[in-house]
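To keep things clear, I will list the structure first and then write my remarks on it.
Chains as they are written, first to last, in the numbering used here: chain F, 1 to 19; chain S, 1001 to 1125.
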């Protein structure tokens, strides 16, 4: 049975880098 | 839009950062928060849905989020059935009927104003 890491389930939304 | 990943299927086994295993349909807001707290690289952000528009292809939607304290505007194009985890509510998508039909994952309607769990890298601001 495959096991998936928790962080696969939520999107990686990187804000534009500031300072 | 990317094709839908397998882990949203009801019954999929998800490993939290502390090693605990849970089914995707049993995940709670705290599971994401606690997992991010012990992660050295990832941080939870709150991403508020600002707009939902139709996308380039028939089932696609473009969701505009306001991400984190900086309220950075980020747009993503996904299939309408793609589920997001809303704080305090759980899985939600633009087409909850299709999500339930395809994944057997019970799902609420994603609406403008909903606050979704998202990730950023620690140390980035």
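For glycine and all other residues, C-beta sits at the position ideal for the given N, C-alpha and C.
- Message: At a CB distance below 8 Å, what residues from the stretch 1008-1031 of chain S approach chain F? Give them in sequence order.
- Response: The stretch 1008-1031 of chain S vs chain F, Cβ under 8 Å: 1008, 1012, 1013, 1014, 1015, 1016, 1017, 1021, 1024, 1027 and 1031.
- Run through DSSP, which three-state label would residue 1045 (chain S) get? In the second chain, residue 1045 (chain S) corresponds to position 45, counting from 1. Secondary structure of residue 1045 (chain S) (DSSP, three-state): strand.
- Query: Among S:1069, S:1051 and S:1072, which one has its Cα closest to the Cα of residue 1062 (chain S)?
  - Reply: By one-based count along the second chain, residue 1062 (chain S) stands at place 62. Of S:1069, S:1051 and S:1072, the residue nearest in Cα terms is S:1051.
- Item | Closer than 8 Å: residue 1086 (chain S) CB and nearest the ligand FAD heavy atom | Among the ligands in the structure shown, none appear at all, so the ligand FAD cannot be discussed.
- What is the DSSP secondary structure of residue 1053 (chain S), reduced to helix, strand or coil? Against the second chain, residue 1053 (chain S) aligns to sequence position 53. Under the three-state reduction of DSSP, residue 1053 (chain S) is assigned to strand.
- Task: Assign residue 4 (chain F) to one of three DSSP states: helix, strand, or coil.
- Result: Taking the first chain and counting its residues from 1, the one referred to as residue 4 (chain F) is at position 4. Strand.
- Three-way DSSP call (helix, strand, coil) for residue 1081 (chain S) in this model: Your numbering for residue 1081 (chain S) matches position 81 in the second chain. Three-state result, residue 1081 (chain S): coil.
- Query: Helix, strand or coil for residue 44 (chain F) per DSSP?
  - Reply: Residue numbering for chain F in the displayed model covers 1 to 19; residue 44 (chain F) lies beyond these limits and cannot be assessed.
- Reference residue 1066 (chain S), options S:1101, S:1009 and S:1112, closest by Cα: Here residue 1066 (chain S) refers to the residue found at position 66 of the second chain. Of the candidates S:1101, S:1009 and S:1112, the one whose C-alpha sits nearest the C-alpha of residue 1066 (chain S) is S:1112.
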